[in-house]
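Q: Numbering (the numbering used here), first residue to last: 2 to 255. For every residue, glycine included, the Cβ atom is placed at its ideal position computed from N, Cα and C. As the structure is a prediction and not an experimental result, all values here were calculated from the model.
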Ligand SMILES: NC(=O)c1ccc[n+]([C@@H]2O[C@H](COP(=O)([O-])OP(=O)(O)OC[C@H]3O[C@@H](n4cnc5c(N)ncnc54)[C@H](OP(=O)(O)O)[C@@H]3O)[C@@H](O)[C@H]2O)c1
C-alpha cells in the first residue's frame, strides 16, 4: 500500500467499539486506515471486514500509553506513506470506582491512557503534520469530562484534562493549517459503556460512528452527541453545586 493516494488515517483503539466502527466507516469513504491497538486478533478481524467491503488498512500493534511505542508506530507510518492525513486518537476507557477504593495508581493509569495515550501520538506526529501544513487531529473526549459524575473520578478527570488540552491545541494549530476536532460523545453501547450504570439516551455504535465520521470529514472543531444529552449536559454545567449533586445522584440511582 506504499505510495497510496488515499488519505492516510491512523486510528487508535481500532480493535473494538467506536474505533473499529469508525475505521470501517472511514475505509468505506476511501481512507487507508492504520488500525492501532494491543489485541492483534481483534485488529485482524477489523482489517478483514474492511477488506471484505473493498477498503484498505494495515495493523500496528501498540500500547498507546508507552511513548516510545507511539513514536515507533508513527515513524513506521511516515516511513511507509510519507504523511499522515488524519490522526484519530480514540483509545481510552475507564471503570466505575467507589472513592474509598480509588488509588493514586488508578488515577495515573487513567491519565496514562485517556490523556497521555493522546499526548504520545500528538508529540510523535506533530512535527510531520506541521511540515505538511494540512493534517487533522481528532480526539475522543466524553460528556463525562464536563462535570464530576458518581464513581467516575479517574475517568472524568482524565477526559476533562484531555478536552482542555485538545481545545488548546485546536486554537494554536488552526492558523498553521492543522484542523483539530474534539468529540464528546454521550453513552454509546460498547464494551466500555457496559461498565456504566445509568446510560441515559444511549446510542448504538454504528450511528455514533457515522456522526463522528461526518464531523471528521467536514473538519468540524467540535461534536457532541446525541444532541439532546449534549445540551442537557451543557446546561447542567450551569447548575449550582447542591442542585447538580442531587440531580446526578437521582439519575445514577436510575
Ligand atoms: N462507549 C461510550 O459510552 C463512550 C462515551 C464517551 C466516550 N467514549 C470514548 O470513546 C473511546 C472508545 O471507547 P469504546 O466505548 O469504543 O471502548 P472499547 O470498545 O472498550 O474500545 C476501547 C479501545 O481502546 C483500545 N485501548 C485500550 N487501552 C489501550 C492501550 N493501552 N493501548 C492501545 N489501545 C488501547 C482497546 O484496544 P485493545 O484493548 O486491543 O488495546 C479498544 O480498541 C474511548 O476513548 C472512550 O473513553 C466512549
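Start and end of the beta strand (DSSP E) containing residue 57?
A: Taking the first residue of the chain shown as 1, we reach residue 57 at position 56. From DSSP, the beta strand (DSSP E) with residue 57 extends over 57 to 62.
Q: With three or more C-beta pairs closer than 8 Å as the rule, is the segment 130 to 140 touching the segment 68 to 75?
A: With the cut-off at 8 Å, the segment 68 to 75 and the segment 130 to 140 do not touch.
Q: In the DSSP assignment, find the beta strand (DSSP E) that holds residue 185 and state where it starts and stops.
A: Locating residue 185 in the chain shown gives position 184, counting from the first residue. Note, residue 185: beta strand (DSSP E), 180 to 186.
Q: Quick one: Cα of residue 177 to Cα of residue 100, how far?
A: Along the chain shown, one-based indexing puts residue 177 at 176. Along the chain shown, one-based indexing puts residue 100 at 99. Residue 177 and residue 100: Cα-Cα distance of roughly 42 Å.
Q: What does DSSP give as the partner residues of residue 10 in its beta bridges?
A: As a position in the chain shown, residue 10 is number 9, starting the count at 1. 34 and 87.
Q: Using three-state DSSP, classify residue 138 as helix, strand or coil.
A: Position 137 of the chain shown, counting from 1, holds the residue named residue 138. DSSP places residue 138 in strand when its eight states are reduced to three.
Q: Apart from the five residues just before and just after residue 29, which ones in its own chain have a Cβ nearer than 7 Å to its Cβ?
A: In the chain shown, residue 29 corresponds to position 28, counting from 1. Excluding sequence neighbours, residue 29 sits near 54 and 56.
Q: For residue 191 and residue 203, what's the separation of their Cα atoms in angstroms?
A: Numbered from its first residue, the chain shown carries residue 191 at position 190. Numbered from its first residue, the chain shown carries residue 203 at position 202. One C-alpha to the other measures close to 10 Å.
Q: In three-state DSSP terms, what is residue 202?
A: Within the chain shown, residue 202 is the residue found at index 201, counting from 1. In this structure, residue 202 counts as coil in the three-state DSSP scheme.
Q: Ignore the nearest five residues each way along the sequence and tell me which others in residue 125's own chain have a CB closer than 6 Å to its CB.
A: The count along the chain shown starts at 1 and reaches residue 125 at position 124. Answer for residue 125: 71, 72 and 75, listed in chain order.
Q: Determine the direct distance from the alpha carbon of residue 243 to that of residue 261, and round the result to whole angstroms.
A: Only positions 2 to 255 of the chain appear in this structure, which leaves residue 261 out of reach.
Q: What do you reckon, are the CB atoms on residue 68 and residue 92 nearer than 8 Å?
A: For the purposes of this step, residue 68 is identified with residue 67 of the chain shown, where counting begins at 1. For the purposes of this step, residue 92 is identified with residue 91 of the chain shown, where counting begins at 1. No.
Q: Evaluate residue 247 with the Cβ neighbour count: other Cβ atoms within 10 Å of its Cβ, from every protein chain shown; 16 or more gives buried, anything less gives exposed.
A: The residue you call residue 247 lines up with position 246 of the chain shown. Result: exposed.
Q: Please confirm whether any heavy atom of ligand 1 lies closer than 7 Å to the CB of residue 38.
A: Taking the first residue of the chain shown as position 1, residue 38 is located at position 37. At least one heavy atom of ligand 1 is nearer than 7 Å to the Cβ of residue 38, so yes.
Q: Less than 8 Å between the CB atoms is what I'm expecting for residue 82 and residue 5, so what's the real figure, rounded?
A: In the chain shown, the residue the question calls residue 82 occupies position 81. In the chain shown, the residue the question calls residue 5 occupies position 4. Their Cβ separation, rounded to whole angstroms, is 7 Å, which keeps residue 82 and residue 5 in contact under 8 Å.
Q: If the criterion is Cβ atoms closer than 8 Å, does the pair residue 120 and residue 217 meet it?
A: Counted from its first residue, the chain shown places residue 120 at position 119. Counted from its first residue, the chain shown places residue 217 at position 216. Cβ distance not < 8 Å, so residue 120 and residue 217 don't count as in contact.
Q: Below 8 Å, how does it come out for the segment 99 to 113 and the segment 34 to 50: are there three or more Cβ pairs, yes or no?
A: At 8 Å Cβ cutoff, the stretches do not touch.
Q: Using the C-alpha atoms, what's the distance from residue 223 back to residue 172?
A: Working through the chain shown from its first residue, we reach residue 172 at position 171. Working through the chain shown from its first residue, we reach residue 223 at position 222. Going from the Cα of residue 172 to the Cα of residue 223 covers about 12 Å.
Q: Output the distance between the C-alpha atoms of residue 142 and residue 182, rounded to the nearest integer angstrom.
A: Here residue 142 refers to the residue found at position 141 when the chain shown is read from its first residue. Here residue 182 refers to the residue found at position 181 when the chain shown is read from its first residue. Between residue 142 and residue 182, the C-alpha separation is close to 10 Å.
Q: Of the residues 25, 114 and 152, which one's Cα is nearest the Cα of residue 253?
A: As a first step, residue 253 must be located in the chain shown, where it is residue number 252. The shortest Cα separation from residue 253 among 25, 114 and 152 belongs to 152.
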